[in-house]
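In full-length UniProt numbering, the protein residues as written are 1 to 563.
The C-beta atom is built at its ideal place from N, Cα and C for all residues, glycine as well.
Let me begin by presenting the structure, written as structure tokens, before commenting on it.
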Ligand code: GLY
């Protein structure tokens, strides 16, 4: 009798202990109607207020983008650029490219010395690093095509924030301190950020408020053809740069068809070139689709192997084939075709790591800056946007135009200064991403929207340079394969492989020691030193009852606000 009962008793004990140890799901902010998730509470609040006032996701995009230029000068900007992917409530999709472009007098060798060597810091620090900014053009084009509120309603709260100022957080205090030596180096005169700002102090931006006032009065052209354009071109040239008033006057944002593909029962909508994000994400997801990740388990040995090997192969293609589609021919359809991708994975075995040099087109290494920012928005009408925007490096070129109140990007560094050869930051690319006048530099930004059964499921994105694509990937998989909430999917430890260097980067001390040993035994080189964090994902998930769950990344000051 006892013998008979034993399995039942054991099963009962197991059930009780499982019930006891089963963790409650970690959930982010849940709202019924609408939500904005961005790098700063102040920007999310302004975006959410615009929605509450009757604006749609596109009005909120404009407000959040501009508010981030005030509240998050580290990467939020009007002196940079970005990409936005959208899905309207009626299912219509689209995207806009407001990426910076090279000035008209840019040349392929502009960052090389007379011996053909890359000149240190020329493409990263100061006026020569600056690409023609696209943000204001992007914001105004989005507003004109898709917004409903007057621009005055959008700009007024942003101007008020610039006057009122923004409280310095602990993380911001540290960042300003870290980059101060470079601010001194890049700027002739002292700037607002030379002071030692402490947590809790308030930074006010009256000059930026004035710039916004002029933009409100004269519209988009104020930035590209008006007083602001004149002052900006003069400032850049006075500091040794080559951007002219003509460069600014000829800047146009571009509406582009997004990259779309399926993964199981999901439809993924992401950014097309000049971002590599959508193509690379499609390649990785199609390569791992045949594997049963849900059975292998989250961050298990086999899951990490399958994802790593797909990433290795996708990043090899990225380096060789991708650039500005207006300048280079990209075999886009082939790159994301199933038979091409299954061929790419045919030499993969779980028994042993592939070696990157066996996969590649040559020793081309990509390392990009980590400092970008992403925000996700859903509105009360069912529209959704994913927008990733950047100055490239932290505070861009570090060149701060005190008169206009904003930092300028160093996006020129996203070109390959010398195709095939690493510059001092290890940043290399192929001919497809070489510098030409008015060409856009290749990006990794991956603003992405996911549909399930023809309905909106998620909007997601992240900063993180080349790790952007793999962070977005893991967040989608965490929800779809591993049943996580949005917040859990954002919180989960991340890893990254980008073909070269041939190593799996992991967030330090978050992965099991035995797992790391097993990976090393199979031939994977693990690097836990160089990436204290991988990505800083902000996303929104549509729940079964049609409410929204925000995932704001704890790795930053990111915050979800909604109603
Ligand atoms: N500058 C970062 C990116 O465009 O990917």
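Close Cβ partners of residue i (< 7 Å) along its chain, the five nearest in sequence each way excluded
i, result
"residue 89", "381, 382, 383"
"residue 158", "46, 63, 66, 67, 70, 212"
"residue 175", "74, 394"
"residue 327", "436, 439"
"residue 49", "157"
"residue 163", "204, 206, 209"
"residue 263", "285, 289"
Cβ pair residue i, residue j closer than 8 Å
i, j, result
"residue 444", "residue 556", "no"
"residue 101", "residue 439", "yes"
"residue 410", "residue 161", "no"
"residue 253", "residue 141", "yes"
"residue 344", "residue 313", "yes"
"residue 551", "residue 37", "yes"
"residue 342", "residue 85", "no"
"residue 302", "residue 523", "no"
"residue 377", "residue 137", "no"
Cβ-heavy atom distance, residue i to the ligand GLY, below 7 Å
i, result
"residue 211", "no"
"residue 308", "no"
"residue 444", "yes"
"residue 96", "no"
"residue 390", "yes"
"residue 470", "no"
"residue 414", "yes"
"residue 475", "no"
"residue 411", "yes"
"residue 467", "no"
"residue 372", "yes"
Same chain only: Cβ atoms within 6 Å of residue i, ignoring 5 sequence neighbours per side
i, result
"residue 122", "111, 128"
"residue 496", "467, 470, 505, 534"
"residue 218", "226"
"residue 298", "482"
"residue 293", "303, 481"
Simplified DSSP assignment, three categories, for residue i
i, result
"residue 561", "strand"
"residue 123", "coil"
"residue 527", "strand"
"residue 551", "strand"
"residue 38", "strand"
"residue 543", "coil"
"residue 374", "strand"
"residue 403", "coil"
"residue 301", "helix"
"residue 425", "Because residue 425 sits at a pLDDT of 33, beneath the cut-off of 50, its placement in the model cannot be relied upon, and the point is left open."
"residue 362", "Because residue 362 sits at a pLDDT of 29, beneath the cut-off of 50, its placement in the model cannot be relied upon, and the following sentence gives the value as read from the coordinates. If DSSP states are grouped into helix, strand and coil, residue 362 belongs with coil."
"residue 251", "coil"
"residue 456", "strand"
"residue 203", "strand"
"residue 138", "helix"
Sequence-distant residues of its chain with Cβ nearer than 8 Å to residue i (five each side left out)
i, result
"residue 104", "244, 246, 247, 250, 437, 438"
"residue 257", "94, 95, 272"
Validate contact between the segment 402-417 and the segment 326-344 using beta carbons, cut 8 Å, 3 pairs: Judged by Cβ distances under 8 Å, the segment 402-417 makes no contact with the segment 326-344, as fewer than three pairs qualify.
Sufficient close CB pairs (3 or more, under 8 Å) joining the segment 190-205 to the segment 162-182: Short answer: they touch.
Contact the segment 148-156 vs the segment 177-187: 3+ CB pairs below 8 Å: Short answer: they don't touch.
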